[in-house]
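Reading through the structure tokens given below for one structure.
Residue numbers (this note's numbering): 398 to 738.
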């Protein structure tokens with residue numbers, strides 16, 4: 398139980414895009430508990446900046462700083478600049494495995510009075526959503542959350558970029574038809590839906606609604622996207638590639654609907670409030686699904702799904718994804734777009 402007032406707080410969170418977004422409700426809870434405190438979020442810069450301002454962080458900083466690795470080494474000689482830096486915080490919340498407590502012990506050696514370590518994965522067979530697991534863990538320290546939905550608020554520079562993007566591509570969101578963002582990729586190849594049904598859905602949306610398709614490509618998506626682009630018959634999508642997350646968030650915010658799989662971009666879409674349709678296969682949406690005010694998940698209930706990482710690595714066919722029909726996905730998109738009329 399943390400029952401004293403703290404003036405400076407550091408939250409350390411690494412992980413992928415979705416992992417960081419899942420942490421946002423916890424950061425909000427910390428802000429609510431310590432409304433006057435200076436809060437800094439340390440992580441990978443491109444992701445951590447999603448927490449800058451609003452009710453999250455006063456500042457974000459990069460974990461890729463020289464010397465931080467020494468804090469993972471027992472009895473190491475800690476750099477003075479980092480010792481002074483970490484020691485300036487009255488509370489440090491670390492979202493990481495810290496076997497043996499080496500990192501947290503070194504943070505205390507640096508002078509931090511309170512160090513809270515939260516494991517980034519819930520216990521085995523724990524069926525709580527990851528967001529709820531994080532919030533429940535904070536409860537034991539007297540920090541209460543009131544909003545279990547991750548929310549991202551693009552800042553004006555990002556929104557200005559999105560406006561220019563729409564203007565450059567002659568898109569008038571809400572006037573000349575629907576703008577649909579689609580991200581077929583994922584950091585895990587076995588989470589991706591098949592190419593053929595994705596092609597069918599993209600062509601159908603473009604034809605049925607005269608929609609403009611924004612096809613989003615991440616660093617690991619090039620090959621899969623090339624195959625989709627080759628096979629499209631009707632749609633002529635606009636490729637969105639190499640865009641910073643803060644700018645992509647603002648682009649997604651202006652779209653009428655988003656379609657994706659279990660990926661960080663799907664979570665980003667839900668977090669900016671865009672109606673989001675998510676296709677899930679081997680992972681459990683009850684734990685890892687996107688949360689938002691307008692989110693629907695398409696999945697197949699199978700005896701083998703969800704599966705463990707070990708089972709997934711051995712799976713040769715991903716029938717949990719193969720059996721998802723085009724019509725099931727189209728139905729969810731129709732519910733979104735017909736409701737916009």
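The C-beta atom is built at its ideal place from N, Cα and C for all residues, glycine as well.
- DSSP, reduced to helix, strand and coil, places residue 655 within a strand of the structure shown.
- In the DSSP secondary-structure assignment, residue 611 is bridged to 578 and 635.
- Here DSSP, grouped into helix, strand and coil, assigns residue 727 to helix.
- Short of 8 Å from the beta carbon of residue 505, and not among the five residues preceding or following it, lie these beta carbons of its own chain, in chain order: 512.
- Annotated as distal: residue 595 and residue 648, with beta-carbon spacing of 9 Å or more.
- DSSP places residue 430 inside the alpha helix (DSSP H), whose first and last residues are 414-430.
- Distances from the alpha-carbon of residue 576 to those of 587, 548, 426 and 612 put 612 closest.
- Pairing residue 635 with residue 610 gives a Cβ-Cβ distance under 9 Å.
- By the 16-neighbour rule on beta-carbons within 10 angstroms, residue 698 is exposed.
- Distance between residue 548 and residue 519, taken at the CA atoms: about 21 Å.
- Taking a contact to require three or more Cβ pairs closer than 8 Å, the stretch 544-559 and the stretch 617-633 do not qualify as touching.
- CA-CA distance, residue 426 to residue 534, rounds to 11 Å.
- Of the candidates 658, 701, 700 and 481, 658 places its Cα closest to the Cα of residue 685.
- Taking the Cα positions, residue 470 is about 16 Å away from residue 462.
- The beta carbon of residue 627 sits closer than 6 Å to no other beta carbon from its chain once the five residues preceding and following it are set aside.
- Note that the C-beta distance between residue 608 and residue 510 is not below 9 Å.
- With a contact defined as Cβ atoms closer than 8 Å, residue 587 and residue 672 miss out at about 26 Å.
- Within the stretch 472-556, the runs of alpha helix (DSSP H) at least 4 residues long that lie entirely inside it are, in chain order, 477-484, 499-506 and 527-536.
- If you draw a 10 Å sphere on the C-beta of residue 652, you find 16 or more other C-beta atoms in it, and that means buried.
- Comparing alpha-carbon positions, the option among 455, 412, 430 and 450 lying closest to residue 441 turns out to be 412.
- No residue range can be given for residue 640, since it is assigned to no beta strand (DSSP E) and is classified by DSSP as neither H nor E.
- Secondary structure in the stretch 440-464: the beta strand (DSSP E) runs of 3 residues or longer, each lying completely within the stretch, are 456-459 in chain order.
- The alpha-carbon separation between residue 521 and residue 585 amounts to approximately 21 Å.
- DSSP places residue 675 within a strand segment (E or B) once states are collapsed to three.
- Taken through DSSP and simplified to helix, strand or coil, residue 693 comes out as strand.
- Restricting attention to 503, 641, 676 and 418, the CA atom closest to the CA of residue 555 is found in 641.
- Counting C-beta atoms within 10 angstroms of its own C-beta, residue 580 has 16 or more neighbours from the protein chains shown and is therefore classed as buried.
- Going by C-alpha positions, residue 558 is about 17 Å away from residue 665.
- Going by DSSP, residue 410 is part of the beta strand (DSSP E) stretching over 405-410.
- Cβ contact annotation for residue 689 (same chain, cutoff 7 Å, sequence separation greater than five): 546, 667, 668, 670 and 673, in chain order.
- Taking the CA atoms as reference points, residue 457 sits about 7 Å from residue 448.
- Each residue's CA atom was taken as its position, placing residue 661 and residue 583 some 8 Å apart.
- In terms of Cβ geometry, residue 455 and residue 482 do not form a close pair [threshold 9 Å].
- Residue pairing of residue 437 in beta bridges, as defined by DSSP: 407 and 456.
- Under the criterion of beta carbons closer than 8 Å, residue 490 and residue 460 do not qualify as touching, at roughly 14 Å.
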